[in-house]
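In what follows, a structure is listed as structure tokens, so that the remarks can point back to it.
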Amino acid sequence: MKRFDSGTLIPGSTWHAQAETEAEVVRRAVENMKNINGETEVRPEMIERIKERIVDVDDAGKTRH
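Residue numbering for the sequence shown follows UniProt numbering, starting at 1 and increasing by one per position.
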């Protein structure tokens, strides 16, 4: 399982995405940026920043090391 916590990119943000694949986590993060934050364009650099912050988690949502 993969997880992205937006607070790792945007201080104070509490939104997160969790899914089986990195691609699905990125898709959900981009969708959130467009729908909730009003972004009209998500640049490739932002996609890379999101990918850099995706972590593996167990079924309980705990980060795996």
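Heads up, the beta-carbon is just placed ideally off N, CA and C, and yes, glycines get one too.
Return yes when the Cβ of residue 29 is within less than 8 Å of the Cβ of residue 10, no when it is not. For the purposes of this step, residue 10 is taken as the residue at position 10 of the sequence shown. For the purposes of this step, residue 29 is taken as the residue at position 29 of the sequence shown. Taking 8 Å as the Cβ cut-off, residue 10 and residue 29 do not qualify as a contacting pair.
Of all the options 52, 38, 43, 45, which has the alpha carbon lying nearest to the alpha carbon of residue 25? Position 25 of the sequence shown, counted from the start, is the residue given in the question as residue 25. Per the Cα distances, 52.
Best match in 21, 14, 27 for proximity to residue 44 [C-alpha to C-alpha]: In the sequence shown, counting from the first residue as 1, residue 44 sits at position 44. Comparing Cα-Cα distances from residue 44 to each of 21, 14, 27, the minimum goes to 27.
Where does residue 27 fall in DSSP's three states? The residue given as residue 27 occupies position 27 in the sequence shown. Residue state, collapsed to three classes: helix.
Cβ distance (whole Å) where residue 3 is taken to contact residue 42 below 8 Å: For the purposes of this step, residue 3 is taken as the residue at position 3 of the sequence shown. For the purposes of this step, residue 42 is taken as the residue at position 42 of the sequence shown. Approximately 19 Å separates the beta-carbon atoms of residue 3 and residue 42; this is outside 8 Å, ruling out the contact.
Quick one: grab the DSSP three-state call for residue 8. Counting from 1 along the sequence shown, the entry for residue 8 is found at position 8. If DSSP states are grouped into helix, strand and coil, residue 8 belongs with the helices.
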